[in-house]
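2 protein chains.
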Amino acid sequence: MINGTDLLELINYRQSDRAYLNTPIEKEKLERVLEAGRLAPSACNAQPWKFIVVDKQELKNKIADCTSSKVLGMNHFTKQAPVHLVIVEERANFTSNAGSVIKNKQFPLIDIGIAAEHICLQAAAEELGTCMIGWFDEPKVKKLLNIPKSKRVPLIITMGYPAKETREKHRKSTDKIISYNSY
Amino acid sequence: MINGTDLLELINYRQSDRAYLNTPIEKEKLERVLEAGRLAPSACNAQPWKFIVVDKQELKNKIADCTSSKVLGMNHFTKQAPVHLVIVEERANFTSNAGSVIKNKQFPLIDIGIAAEHICLQAAAEELGTCMIGWFDEPKVKKLLNIPKSKRVPLIITMGYPAKETREKHRKSTDKIISYNSY
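Protein sequence lines correspond, in order, to chains A and B. By the working numbering, the letter at position 133 of the first sequence is numbered 133, and the numbering carries on one by one without gaps. In short: position in the second sequence from 1, add 183, done, that's the working numbering.
This is the structure we're talking about:
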């Protein structure tokens with residue numbers, strides 16, 4: 001099995017890719033990416049998610065339009081990505097919901113972060129680029145994909161072969177995020 | 184770099200380990216695990232987290248007591264783990280907060296799910312076991328670690344060498360979590 005050094009190299013390589021090549025994603029790669037999402041852990045194994053793969057070009061471009069803003073000049077790259085993965089938040093099971101209520105936490109959102117990152121790391125291992133998008137016209141996305149109005153859509157992940165010349169590493173700060181035995 | 188098959192094998196191997204050996208964690212392994220957490224992506228790169236490593240045995244056992252319930256008979260394994268990682272939710276930056284408010288989402292919780300899973304996957308690659316705990320006496324944990332009352336503590340991760348004979352794989356259902364181009 002892979003060792004720690006190998007995984008850390010992949011984790012270090014992953015970034016949010018905001019430019020994509022006009023190259024389709026192989027079916028077997030996409031299936032392994034979805035399998036990685038499926039295998040994500042969740043509170044009380046509730047799996048409070050549904051993944052919608054949007055790969056029909058016309059529909060995908062409509063979803064891309066929901067993620068970009070003419071006013072703010074944001075996210076115009078999303079149309080380049082051949083596939084969008086739309087993550088729908090589903091109702092958790094009884095024990096997870098009880099924990100959320102009693103402990104005043106929202107476990108499904110944490111769970112969806114976990115699953116989304118399984119997807120992005122697996123994509124990176126498949127030489128695919130991804131970008132998680134949290135800012136989009138949610139009502140319009142729900143209408144386009146026939147998602148019930150009562151559901152929430154926390155994230156859309158764009159996916160495709162990255163335009164490598166545009167890869168710029170986000171450097172992380174080291175300061176003060178780690179401490180030992182006390183805040 | 185590692186390929187998709189290798190990573191999927193690791194993802195498939197990872198589980199929530201609820202029994203640990205009485206073996207300390209090597210410093211360099213723990214450091215790579217923390218580095219994996221540090222490199223996690225977050226909305227607008229806000230990094231809304233702080234990781235507290237609890238490795239002093241007496242203090243760690245007190246934290247373990249906060250995660251187990253005599254009444255419900257829950258989580259008595261936590262005391263076996265030599266290290267607990269306590270994840271504190273920190274204030275996000277302006278753009279992430281604006282997105283959370285305008286789009287009615289809580290990006291920091293998604294971010295913390297992402298970082299927590301970087302930690303658990305890296306631990307798995309280091310042959311360490313982990314279990315994310317969401318149910319614990321949060322006020323008591325904050326008091327023990329001098330965490331300000333205003334902060335939230337979404338997760339505690341137990342970490343140690345797993346007692347392998349107890350490893351039981353949670354099987355995931357495949358049903359209906361993936362669809363194409365429509366809900």
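Each residue gets a CB set at the ideal place from its N, CA and C atoms; glycine is no exception.
A direct Cα-to-Cα measurement between B:V237 and A:S42 gives close to 23 Å. Sequence-ordered contacts of the region 337-351 of chain B with chain A read P337, L338 [C-beta pairs closer than 9 Å]. Residue B:A307 holds the alpha-carbon nearest to the alpha-carbon of B:R197 among B:A307, B:S362, B:I361. Annotation for B:A247: T261, K262 place their beta carbon closer than 6 Å to its own, counting only its chain and skipping 5 residues before and after. Counting only runs that start and end inside the region 215-278 of chain B, the alpha helix (DSSP H) elements of at least 4 residues fall at 240-250.
A:K164 and B:L213 have their C-alpha atoms spaced approximately 32 Å apart. Contact check for A:Y183 against A:L21 fails: the beta carbons are separated by 8 Å or more.
When the five nearest sequence neighbours on each side are left out, the beta carbons in the same chain lying within less than 7 Å of the beta carbon of B:K245 are those of L327, in order along the chain. In the structure shown, the three-state DSSP call for A:G134 is coil. B:G296 and A:D111 have their C-alpha atoms roughly 6 Å apart. Closer than 8 Å to the CB of B:R215 there is at least one CB belonging to chain A. Contact between A:P154 and A:L109 holds: their C-beta atoms lie close to 6 Å from each other, under 8 Å. The beta carbon of B:I302 does not come within 8 Å of any beta carbon belonging to chain A, so the residue lies off that interface. Counting only the Cα atoms, A:E58 lies some 42 Å from B:V271.
By the Cβ-count criterion, A:E9 is exposed, with fewer than 16 other Cβ atoms from all chains shown falling within 10 Å of its own Cβ. Contact of A:I11 with chain B is assigned, a C-beta pair being separated by under 8 Å.
Assigned with DSSP and collapsed to three states, B:P322 falls in helix.
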